[in-house]
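Novice:
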Amino acid sequence: MVGGLPSGSPGEASARSSIVTLINSCVGVGVLSLPYAFRSAGWAGGLALLAFVAVTEAFTLYVLSRYAEHTDSATYSSVVRSMLGKRASFFLAFVLLIYLFGSCVAYLIIFGDCLHPIVLGALGEHWFTRRNVVLPVLSSLTMFPLCLPRTLDSIVGVSAVALYGIVAMVGIVTWRNVGAIEAEASPWAEVRPFNLSLDCLAAIPIIIFGMQCHCQVITVFNELTDHPRVLTTVLPAPSARLMVEEEEEEDEGEEGEPEDVRLERRQSRKSKKLRGMRRVVFTASEWVGLTAVGYSAIGLTGYLAFPHTAMSNILNNFSRKDRLMQLCRGLVGLMKVVSYPINHHPARSATADLVRQVSGRAVGGSALFHVGHAAVFYLATLSVALCVRDLGVVFKIVGGTNGAFLIFGLPGALLMKYASDKAVASRVAAGAVRPLLRADGAEERAPYRLLTSKLWWAGVGLCTLCALVLALTIVSMVFPMKAASP
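Following UniProt numbering, the numbering of the sequence shown begins with 1 at its first residue and continues without gaps.
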């Protein structure tokens with residue numbers, strides 16, 4: 001049992017709540033650092049990186065959902081254990097836990113950066129309005145209680161509210177950036193389309209971290225109802241009816257079709273749940289694509305407004321006396337209240353998986369473990385967030401190392417393993433059935449070949465991308481970008 005829902009049991013989460021959870025997972029924290037990323041890569045380089053990462057991560061989300069169903073797994077770790085073995089699963093659980101821990105530290109840092117100025121503006125300078133007091137008190141009252149529900153679907157109401165906050169935040173920050181640009185006589189004179197120095201490497205882990213929801217996608221898939229009606233709840237009615245009718249026609253097949261052909265086609269077709277999850281991912285990607293327009297607007301306008309001083313949290317470039325930006329800080333704080341438990345949920349599953357592999361004990365269903373893990377995890381991340389203030393450092397460590405491994409490396413390895421197993425099975429099957437079943441004059445079916453497999457080469461490409469990102473991140477950490485001041 002993981003997160004209160006056993007693997008293979010029917011889920012109850014609707015398509016709408018699954019979409020909201022995925023969007024909240026991948027949208028929010030990265031947008032605050034996009035001006036800094038654009039400052040690092042240049043405005044054209046930043047836009048190109050944003051588009052490339054968005055498309056690649058949408059593809060790997062579907063890969064994970066596909067193999068979650070293929071292996072009947074409820075967590076990322078169990079997918080890897082089923083396909084790549086116990087050692088790979090143990091390593092993944094360890095990396096996943098570090099990645100999620102770092103993500104939650106980043107959310108707490110942003111939460112403190114956003115709420116502290118609001119408290120100062122309302123109550124003034126006192127001992128109880130210091131950041132080291134405000135952050136523990138407010139996070140313990142908001143974030144920690146949301147870590148206690150067993151499923152992500154339980155907090156969908158709060159997630160939906162946070163989603164509207166994302167839209168408002170994008171609008172407010174862009175508006176203020178445009179105002180700062182209008183005050184400049186020639187804003188484009190200070191910016192560059194591409195930055196060919198080592199500083200451009202700082203943008204890569206920031207954008208990767210800012211658009212990921214891979215740690216949550218398998219949990220979301222496991223909680224999704226077996227018959228998700230994505231299109232009837234998301235798309236306009238005419239489009240929904242058309243696509244649903246096409247699905248029903250596919251299920252029914254053609255009249256007069258032989259039963260054995262119909263059965264073979266049904267067995268090879270993806271399940272309704274996986275097709276529904278594919279639409280959940282694609283629909284979430286469409287909304288993320290729309291939000292990516294807002295991402296681009298914030299990144300570009302923020303870079304134009306602060307070409308040399310854009311900070312890793314763009315809100316820190318604005319005055320505490322700006323009431324509209326204070327409202328924006330409150331909205332971002334609300335978003336982080338939701339992001340923290342969404343990331344804690346798979347962290348709890350990864351911890352339970354580590355304990356099971358080390359000791360052989362299944363602790364995921366224990367109420368004591370459930371509450372105890374939430375408390376220990378919260379206190380540990382809070383302690384780090386009180387000591388570390390630089391988001392850029394957190395993004396580099398989390399997004400460029402562990403993130404690249406989880407988002408690109410392991411999905412690539414899964415594709416390569418599946419293609420390899422399929423090629424071996426194809427050769428074995430061809431050798432076994434050739435003398436018995438092939439009729440005279442019948443055309444022999446070509447075996448599945450690894451070197452012509454699209455899945456294999458897609459996996460090779462993802463693993464190569466992972467290695468490249470890891471190398472570039474290490475270089476950017478050795479030669480860090482010059483810090484900016486507001």
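Heads up, the beta-carbon is just placed ideally off N, CA and C, and yes, glycines get one too.
#1: In this structure, how does DSSP classify residue 344 when only helix, strand and coil are distinguished?
#2: If you measure between the beta carbons of residue 99 and residue 403, is that distance less than 9 Å?
#3: Would you kindly check if the distance between the Cβ of residue 172 and the Cβ of residue 327 is under 9 Å?
#4: Assign residue 448 to one of three DSSP states: helix, strand, or coil.
#5: Helix or strand or just coil, what does DSSP make of residue 51?
#6: Residues in its own chain within less than 8 Å of residue 53 by CB, not counting five upstream and five downstream?
#7: Pop quiz: residue 96 and residue 411 are said to be a contact at Cβ under 8 Å. What is the actual Cβ separation, rounded to whole angstroms?
#8: By the 10 Å Cβ neighbour count, where 16 or more other Cβ atoms means buried, how is residue 321 classified, buried or exposed?
#9: Can you tell me where the alpha helix (DSSP H) with residue 311 in it begins and where it stops?
#10: Might you give, ordered along the chain, the residues of its own chain that have their beta carbon closer than 7 Å to the beta carbon of residue 82, omitting 5 neighbours on each side?
#11: Just tell me which of 112, 56, 122 and 124 has its CA closest to the CA of residue 136.
#12: In terms of residues, what are the limits of the alpha helix (DSSP H) holding residue 89?
#13: With a 10 Å radius around its C-beta and 16 neighbouring C-beta atoms as the bar for buried, classify residue 30 as buried or exposed.
#14: Consult DSSP for residue 250 and reduce its assignment to one of helix, strand or coil.
#15: For residue 179, count the other beta carbons within 10 Å of its own beta carbon; 16 or more makes it buried, fewer makes it exposed. Which is it?
#16: Helix, strand or coil, according to DSSP, for residue 349 in the structure here?
#17: Let me check understanding here. Comparing Cα to Cα, which of 168, 149 and 393 lies closest to residue 478?
#18: Assuming residue 74 is part of the alpha helix (DSSP H), what are its boundary residues?
#19: Please list, in chain order, all residues of the same chain as residue 330 whose beta carbon is under 8 Å from its beta carbon, the five residues on each side excluded.
#20: Looking at residue 391: is its Cβ nearer than 9 Å to the Cβ of residue 33?
#21: Could you say which of 480, 369 and 203 lies nearest to residue 37 if we only look at CA atoms?
#22: Keeping to the same chain, check which residues put their C-beta closer than 7 Å to that of residue 103; ignore five residues upstream and five downstream.
#23: If we ignore side chains and look at the alpha-carbon of each, how far apart do residue 448 and residue 455 end up?
#24: Can you name the start and end residues of the alpha helix (DSSP H) that residue 39 belongs to?
#25: Please work out which residues of its chain come closer than 8 Å, Cβ to Cβ, to residue 245, disregarding the five sequence neighbours upstream and downstream, and give them in chain order.
#26: From residue 195 to residue 306, what does the alpha carbon distance come to, in whole angstroms?
#27: Determine, using beta carbons only, whether residue 388 and residue 133 come nearer to each other than 9 Å.
#28: Given this structure, state the Cα-to-Cα distance separating residue 144 from residue 187, to the nearest angstrom.
#29: Excluding five sequence neighbours on each side, which residues of the same chain lie with their C-beta closer than 6 Å to the C-beta of residue 423?
#30: Using the Cα positions of residue 200 and residue 148, report the straight-line distance between them to the nearest angstrom.
#31: Alpha carbon to alpha carbon, how far is residue 193 from residue 46?
#32: Compute the beta-carbon to beta-carbon distance between residue 336 and residue 110, rounded to the nearest angstrom, for a pair I have assumed lies under 8 Å.
#33: Since residue 352 contacts residue 369 with CB under 8 Å, what's their CB separation in whole angstroms?
#34: With a threshold of 16 other CB atoms inside 10 Å of the CB of residue 475, please say whether the residue is buried or exposed.
#35: Quick one: is residue 89 buried, meaning 16 or more other Cβ sit within 10 Å of its Cβ, or exposed?
#36: Answer with buried or exposed for residue 408, where buried requires no fewer than 16 other C-beta atoms within 10 angstroms of its C-beta.
Specialist: Taking the geometry as given:
#1: helix
#2: yes
#3: yes
#4: coil
#5: helix
#6: 207, 208 and 211
#7: Going by Cβ atoms, the distance from residue 96 to residue 411 rounds to 13 Å, so no, they are not a contact pair.
#8: exposed
#9: First-last for residue 311: undefined, no H or E at that position.
#10: 71 and 73
#11: 112
#12: 86-123
#13: buried
#14: Its pLDDT being 40, under 50, residue 250 is placed unreliably by the model, and nothing is read from it.
#15: exposed
#16: helix
#17: 393
#18: First-last for residue 74: undefined, no H or E at that position.
#19: 114, 115 and 118
#20: yes
#21: 203
#22: 343 and 398
#23: 11 Å
#24: 34-41
#25: With a pLDDT of 40 at residue 245, under the threshold of 50, the modelled position of that residue is not reliable, and no figure is offered here.
#26: 16 Å
#27: no
#28: 43 Å
#29: 448 and 450
#30: 40 Å
#31: 9 Å
#32: 5 Å
#33: 7 Å
#34: exposed
#35: buried
#36: buried
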